[in-house]
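Scroll down for the structure; my scribbles are underneath it.
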Amino acid sequence: MSEVEEFEELRPLLFSIAYRILGSVGEAEDAVQETWLRFAGSATRPASTKAFLATTVTRIAIDVLRSARSRREEYVGPWFPEPLLSDPYQDPARAAELADSVSMAALLLLERLSPLERAVFVLREVFGFGFDEIAATVGRSEAACRQLLVRARRHVAAGRPRFEALRQEQEELASRFFDALREGDVAGLRELLAADVSMVGDGGGKAPQLARAVIGAAKVARLLSSVHSRLVRIGVLVEPHHVNGQPGAIFRDRDGKVLQTMALDVLDGRIQTIRSVINPDKLRHVGPVADAWAIDREVRRARRSTG
0 MSEVEEFEEL RPLLFSIAYR ILGSVGEAED AVQETWLRFA GSATRPASTK AFLATTVTRI
60 AIDVLRSARS RREEYVGPWF PEPLLSDPYQ DPARAAELAD SVSMAALLLL ERLSPLERAV
120 FVLREVFGFG FDEIAATVGR SEAACRQLLV RARRHVAAGR PRFEALRQEQ EELASRFFDA
180 LREGDVAGLR ELLAADVSMV GDGGGKAPQL ARAVIGAAKV ARLLSSVHSR LVRIGVLVEP
240 HHVNGQPGAI FRDRDGKVLQ TMALDVLDGR IQTIRSVINP DKLRHVGPVA DAWAIDREVR
300 RARRSTG
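FYI, in numbering that gives the first Met the number 0 the residues of the sequence shown are 0 to 306.
Shown next as structure tokens:
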């Protein structure tokens with residue numbers, strides 16, 4: 000194969016590695032593009048194209064993550080990863096690991112890790128790289144990489160929920176949730192929510208967002224029903240869609256522009272967390288972005304006009 004053909008065949012893998020390390024679609028795409036430039040500019044062909052490209056994209060992602068840490072500390076409000084609607088890399092042998100590792104909850108757990116720990120964890124636990132390959136990639140000994148993985152596993156395990164939901168259970172619960180949301184069924188919504196359910200939004204100071212997380216089934220059900228009914232009046236549509244491998248939805252204005260994404264965490268037969276990404280900077284890869292401030296003003300006018 001030509002260089003271009005080899006690279007394009009491996010592009011899905013490279014993006015998936017970079018996204019899991021960075022939590023950003025845009026930054027992952029930039030890392031993949033920089034990897035191509037270095038590959039195309041190399042005077043010699045590597046013995047293993049896959050090893051060379053995986054090493055290059057991982058090192059670039061580690062450097063980007065280190066510089067991004069300070070920006071995230073100054074971020075306005077909760078920080079969530081950029082929503083991913085579909086993972087381009089598929090491997091039937093590792094389907095469960097791939098799906099779990101791209102969820103919002105999993106990516107937020109990875110934020111607890113150092114850049115090196117995160118890279119080692121992603122390469123080993125998600126993509127099954129050997130320790131010899133990982134050591135060459137991150138520039139550490141195999142023994143050091145094993146220690147990094149032990150620490151990473153410990154941090155991740157400490158934050159994992161005690162109960163995992165089956166995929167079919169997630170889908171069924173999400174379908175009932177969005178049906179109840181469309182019908183304005185507060186009691187139906189409340190029945191599907193965990194008692195301590197949390198609803199959180201990431202606006203980054205660039206879109207209307209909740210001042211703080213809303214906690215509790217009754218409060219979340221009432222707020223969801225109230226806000227959704229107002230959005231419906233001004234033509235906002237809810238399009239069920241997987242977001243980061245989880246049941247969720249894309250909210251679009253009357254012109255089809257993206258207002259926000261929503262992802263649902265389902266645990267132990269109930270919806271435990273509802274995460275919305277409203278920051279327009281994190282939605283541009285999904286499609287043309289709606290003016291959230293204008294929609295907020297329209298919702299307020301509609302509310303006043305109905306008393």
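In this text, a Cβ means the ideal position worked out from N, Cα and C, and glycines have one as well.
- The Cβ atoms of leucine 148 and arginine 123 lie closer than 8 Å to each other.
- Secondary-structure assignment with DSSP links valine 213 through a beta bridge to Met198.
- Counting only runs of at least 3 residues, the region 251-296 fully encloses the following beta strand (DSSP E) elements, listed from N- to C-terminal order: 257-266 and 269-276.
- Within the same chain, and ignoring the five residues on either side of leucine 12 in sequence, the residues whose Cβ sits closer than 6 Å to its Cβ are Tyr88.
- Between arginine 251 and alanine 217, the CB-CB gap reaches or exceeds 8 Å.
- Scanning the region 97-151 from its first residue to its last, the whole alpha helix (DSSP H) runs of 4-plus residues come out as 103-109, 114-120 and 130-137.
- Taking valine 242 as reference, the option from Met103, Glu8, Leu180 and Gly76 with the minimal CA-CA separation is Met103.
- Around the beta carbon of tyrosine 18, a 10 Å sphere encloses 16 or more other beta carbons of the protein chains shown; the residue is thus reported as buried.
- Contact check for alanine 143 against leucine 112 fails: the beta carbons are separated by 8 Å or more.
- Straight-line spacing of the CA atoms in valine 31 and serine 15 works out to 10 Å.
- Taking all protein chains shown into account, isoleucine 214 has fewer than 16 neighbouring C-beta atoms within 10 Å of its C-beta and is therefore exposed.
- Rounded to whole angstroms, alanine 186 and alanine 27 show a C-alpha spacing of 41 Å.
- In the DSSP assignment, proline 246 falls outside any beta strand (DSSP E), carrying neither H nor E.
- Residue Ser228 holds the alpha-carbon nearest to the alpha-carbon of glycine 183 among Arg68, Arg283, Ser228 and Arg65.
- Contact between the region 73-93 and the region 50-57 is absent: fewer than three C-beta pairs spanning the two stretches fall below 8 Å.
- In the same chain as leucine 222, and ignoring 5 residues on each side of it, the C-beta atoms closer than 8 Å to its own belong to Met198 and Val213, in chain order.
- Per DSSP, proline 11 is one residue of the alpha helix (DSSP H) stretching across 2-21.
- Contact holds between the region 280-287 and the region 253-263, because three or more Cβ pairs, one in each stretch, are under 8 Å apart.
- Relative to the Cα of arginine 145, the nearest Cα in the group Gly129, Gly158, Val155 and Arg159 belongs to Gly129.
- With contacts defined as CB atoms closer than 8 Å, valine 101 and aspartate 86 qualify as a contacting pair.
- For glutamate 171, the three-state secondary structure derived from DSSP is helix.
- Classified as exposed, serine 1 has fewer than 16 neighbouring CB atoms from the shown chains inside 10 Å of its CB.
- Boundaries for glutamate 238: no alpha helix (DSSP H) harbours it, while the beta strand (DSSP E) harbouring it runs 236-239, taken from the DSSP string.
- Contact annotation: arginine 269 and leucine 192 have beta-carbon atoms nearer than 8 Å.
- With fewer than 16 other Cβ atoms from the protein chains shown falling within 10 Å of its own Cβ, alanine 46 counts as exposed.
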